[in-house]
DNA sequence: GAAGTGTACTAATTGAGATAGTACAACTAA
DNA sequence: TTAGTTGTACTATCTCAATTAGTACACTTC
């Protein structure tokens, strides 16, 4: 379910945060789904429980999950907000890339072509 | 000309590498332009000469610049390749983002609109 | 010869991230 | 009741990449 790359430049606890957010956005975990316990997940991923704790704390601080002593940690509402947030994030990044493409002299024609190419065979519009 | 952010997660020497590549791509520095000396740049940026040396070494390894003992460091050819490389990089990133947008349910219509928005007032195609 | 080049070392420092270990309060199930 | 599991808190230590500090050498230029 969750995977990490110890060699990545991105810290493990951030990978876990992103990973969990992704699972929620994808709908794999829905509201009130119980997350693996700190110790359980630490065991599965073969990393230190403190690292998991750090990820969970941050997720709770962001309102993504909620934790109850001696009960466990669970997915908070936030799915729609999470989707919206990611959407804004993507558009922002999208804009940044377009900007750089423009600077380097890539034409809108080229981009349109690439867009068509990528979207072919997909009927979501 | 060159700026760095010591607080960035990206190492200083990498920032310098990217910074110099950018200057070349933008045409600010052309072939055989002499780069600031290791000590000079270190002084300007208020960082250690070894860090500059590390950046220059990597740039030379990549064939972006060439260095001559007691002469200095200079821009190598590579401008076109650099542009091409960046272009491919951008399209790759572009594709990655489109993919993620599709996964999250953003329509091609939305993207088209964003594209028009960003490209308005620009006549390069 | 003095100043400035790239280059090559070794040693020390820094700081974020991760680990190790222990402990406590509260809930659950046997 | 008791054993096991939960989140949480805390300190100490380790690790590793990045950076700094300092010195030195060979060479060019003026």
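Chains as they are written, first to last, in our numbering: chain D, 71 to 195; chain U, 71 to 195. C-beta atoms are modelled at their ideal positions from N, C-alpha and C, and glycine is treated no differently.
- Shortest Cα-Cα distance from residue 71/D to any of 163/D, 82/D, 93/D and 88/D involves 93/D.
- The three-state secondary structure of residue 171/U, taken from DSSP, is helix.
- By the 16-neighbour rule on beta-carbons within 10 angstroms, residue 190/U is exposed.
- Residue 108/D sits buried, since 16 or more C-beta atoms from the chains shown fall within 10 Å of its C-beta.
- For the stretch 150–162 of chain D, the beta-carbon criterion of a distance under 9 Å to any beta-carbon of chain U is satisfied by 153, 156, 157, 160 and 161.
- In the structure shown, the three-state DSSP call for residue 132/D is coil.
- Rounded to the nearest angstrom, the Cβ distance from residue 143/D to residue 135/D is 5 Å, consistent with a contact under 8 Å.
- Against chain U, the CB of residue 134/D has no partner CB under 7 Å away; the residue lies outside that interface.
- When CB distances to chain D are screened at a threshold of 7 Å, the residues of the stretch 162–174 of chain U falling below it are 163, 164, 165, 167, 168, 170, 171, 172 and 174, in chain order.
- Interface annotation for the stretch 83–103 of chain D against chain U: 95 and 96, criterion Cβ-Cβ distance under 9 Å.
- From the beta-carbon of residue 176/D, the residues of chain U found nearer than 9 Å are 157, 160, 161 and 194.
- Three or more Cβ pairs closer than 8 Å define a contact, and the stretch 87–104 of chain D falls short of that threshold against the stretch 160–167 of chain D.
- The DSSP-derived three-state label of residue 159/U is helix.
- At a C-beta separation below 8 Å, residue 181/D has these neighbours in chain U: 164 and 185.
- The continuous stretches of alpha helix (DSSP H) do not include residue 142/D, which lies in the beta strand (DSSP E) extending over residues 142–145.
- A residue is called buried when at least 16 other Cβ atoms come within 10 angstroms of its Cβ; residue 186/U does not meet this threshold and is exposed.
- For residue 100/D, the three-state secondary structure derived from DSSP is coil.
- 155/U is the residue among 85/U, 77/U and 155/U whose C-alpha sits nearest the C-alpha of residue 176/D.
- Annotation for residue 123/U: 108 place their beta carbon closer than 8 Å to its own, counting only its chain and skipping 5 residues before and after.
- Take the alpha-carbon of residue 73/U and the one of residue 97/U: they are about 17 Å apart.
- The three-state secondary structure of residue 178/U, taken from DSSP, is helix.
- Contact between residue 170/U and residue 160/D holds: their C-beta atoms lie close to 6 Å from each other, under 8 Å.
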